[in-house]
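The sequence shown lines up with residues -9 to 204 when you count with the numbering used here.
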Amino acid sequence: MSEAPLLIAIDGPAASGKGTLARRLAEHLGLRHLDTGLTYRAVAAAWKDGGGDGDLKDMAAELARNIDLEHLDAAALSHHSLAEPASQIAAIPEVRRALVEKQREFAAHPPGAVLDGRDIGTVVLPDAPVKLFVTASPETRARRRTLEMRERGGDISEETVLADLKRRDARDTERADSPLRPAEDAYLLDTSDKDIEAAFRAAVDYVSRAIASR
Ligand code: DC
C-alpha cells in the first residue's frame, strides 16, 4: 500500500445515485467525502445573497475564490431553487478553475477522499486510481428526485422534474469547459434497475478490485 492519499472519483448526472454511493463509500473506507455539486451551489447561494446584481461572470469567479469547502451547509445548498443558477454558474470557466483548485486541495489531505461530481475523473483527479461513472435513465432519475422532493414536503410533478433534469443534463454535457462524460478508465455503473443496496454492493466490489490492483 502506498502512503499517498487514496483518491476515488465518482461522476454522473443528477439523481443517478452517485451522491449516496460516494457518501457510503467514504464511510465504508474511512475517507473524507466532498459533493462538488455543493461547491457550485455555494457560489449560486452567495450570488443570490448578494442580490444577484452585477456582472455574473466576474462576480461569480470572485465569490468562488472565497468558498470554504470544509463548511458547506448541505441541507441549505441542496434546495431546488439553487439547481438552475448553479448549473449556469458551472459553465463559467473562471469559476471552474477556482473551485477545481480548492477541490484538489481538499482531496490531497490524508487519508484521501471520495469526490463526486461531473468532471472528477476527467479534470479534477485524472490520476485517481478508482473511478466510477454512475448512470440511470432520465425517467428513473426523475422518479427518484420527485419522491425525494415530496418526502421533504415539496409539491412538484414528475414531468416538471424530468424536463428540468433533461435541461440540466444538456447544459452539463454540452458545455465547452469540462463537459459531463465518463473518463476512459472509469467503471460504468447503471443503477436504473438497482436499489441503493445493490448499487452499493456493486460499487464496493469494483472499488475493492481497483484498490487491490493499485
Ligand atoms: O449535482 P448538483 O445538482 O448539486 O450540481 C449542481 C450543478 O453543478 C449542476 O448543474 C452540475 C454542476 N457541477 C459541475 O459542473 N461539476 C461538478 N463537479 C459538480 C457539479
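Glycine is no exception: its CB is placed at the ideal position from the N, C-alpha and C atoms.
Quiz item: Regarding ILE82 and ligand 1, is the C-beta to nearest heavy atom distance less than 7 Å?
Solution: Exclusion of ILE82 from the 7 Å shell around ligand 1 follows from its C-beta lying no nearer than that to any non-hydrogen atom of the ligand.
Quiz item: What's the gap between the Cα of GLU95 and the Cα of ALA160?
Solution: 29 Å
Quiz item: Between the C-alpha atoms of HIS18 and GLY44, what's the straight-line distance to the nearest angstrom?
Solution: 44 Å
Quiz item: Between the beta-carbon of ILE82 and the beta-carbon of ALA36, is there less than 8 Å?
Solution: no
Quiz item: Under the three-state reduction of DSSP, which class applies to LEU28: helix, strand or coil?
Solution: Collapsing the DSSP output to three states places LEU28 in a helix.
Exercise. Tell me whether THR136 is buried or exposed, calling it buried when 16 or more other Cβ atoms sit within 10 Å of its Cβ.
Key: buried
Quiz item: Is ASP109 near ligand 1, with its Cβ less than 7 Å from a heavy atom?
Solution: Here the distance from the Cβ of ASP109 to the nearest heavy atom of ligand 1 is below 7 Å.
Quiz prompt | Own chain partners of TYR196 with C-beta closer than 6 Å, once the 5 adjacent residues on each side are dropped | solution = TYR177
Quiz item: When the Cα of ALA(-6) is compared with those of LEU46, LEU62, HIS99 and LEU152, which residue comes out closest?
Solution: HIS99
Practice problem: From the DSSP output, in three-state form, read off LEU170 for me. | Solution: coil
Self-check item: Three-state class that DSSP yields for MET(-9) in the structure shown
Solution: For MET(-9), the pLDDT reaches just 48, beneath the cut-off of 50, and the residue's location in the model is therefore unreliable, leaving the point undetermined.
Quiz item: Nearest to VAL113 by alpha carbon, out of LEU122, PHE123 and VAL90?
Solution: VAL90
Quiz item: Can you name, in chain order, every residue of its own chain whose Cβ lies under 7 Å from the Cβ of VAL85, other than the five neighbours on each side?
Solution: Counting only Cβ-Cβ distances below 7 Å, and skipping sequence neighbours, we find VAL33, ALA50, ALA51, ALA54 and ILE79.
Exercise. Check the DSSP bridge columns for ALA193 and list the partner residues they point to.
Key: Beta-bridge pairing links ALA193 to no other residue.
Quiz item: Ordered along the chain, which non-local residues of its own chain (more than five positions away) have a Cβ less than 6 Å from that of ARG14?
Solution: Taken in chain order, the residues that qualify are PHE190.
Quiz prompt | Buried versus exposed call for MET(-9) [16 or more other C-beta atoms within 10 Å across all chains shown] | solution = Model confidence at MET(-9) stands at a pLDDT of 48, short of 50, so the residue's coordinates are unreliable and nothing is read from them.
Self-check item: Residues bridged to VAL124 [DSSP beta-bridge criterion]
Solution: LEU179
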